[in-house]
Amino acid sequence: MFRVHRRTVTKVTRGGLGDRLPCSNMLNEILERALLIVAFQPIVHLPSRRVFAHEVLGRVRPTGDDPVPGPAELVEEAACVGALLELEHAWRRAAIETIAERHAHDDSVYFLNVDTRVLQDPRFVPGTTRNLLREHGLS
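Sequential numbering of the sequence shown, starting at 271, is according to the numbering used here.
See the structure below:
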């Protein structure tokens with residue numbers, strides 16, 4: 271498990287330095303409480319009107335009346351505190367587990383997005399997704 275600590279970053283705008291933005295522990299709570307979920311966006315072949323694949327979209331499970339961050343906000347929060355790789359792995363695991371549980375026996379194709387900044391992280395290890403797929407019998 272990792273810990274994200276509170277810190278402040280400076281938002282850079284076109285004209286120079288902008289407002290100082292606080293980075294909260296919102297990400298810790300979401301990861302610790304396993305609130306990451308996925309949604310499946312159908313991709314349709316228009317001439318045949320047939321769904322031929324699904325894009326897997328990361329979301330946060332709502333809990334109560336508190337507003338939940340959107341995916342873009344959460345990704346930027348993770349980048350802000352140096353935890354983008356952890357967020358990507360958690361979402362990827364949620365995606366693969368959901369596909370294995372609910373869609374393992376259909377012939378659908380699934381597209382998983384990745385933030386390219388993850389690929390530049392020195393902790394990034396190629397093959398992580400392939401290993402997760404094997405673990406869940408999807409390779």
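Built from N, CA and C at the ideal position, the CB exists for glycine as well.
- By the C-beta density criterion, H315 is exposed, having fewer than 16 other C-beta atoms within 10 angstroms.
- E325 is bridged by DSSP to Q311 and F381.
- Rounded to the nearest angstrom, the Cβ distance from Q311 to E325 is 4 Å, consistent with a contact under 8 Å.
- Here A364 is near G328, since their CB atoms are less than 9 Å apart.
- Close CB contacts of I369 within its chain, under the 7 Å cut and outside five residues either way in sequence, are with Y380 and L408 (chain order).
- At a Cβ-Cβ threshold of 9 Å, E347 and V388 do not count as neighbours.
- Beta-bridge partners of V351 (DSSP): none assigned.
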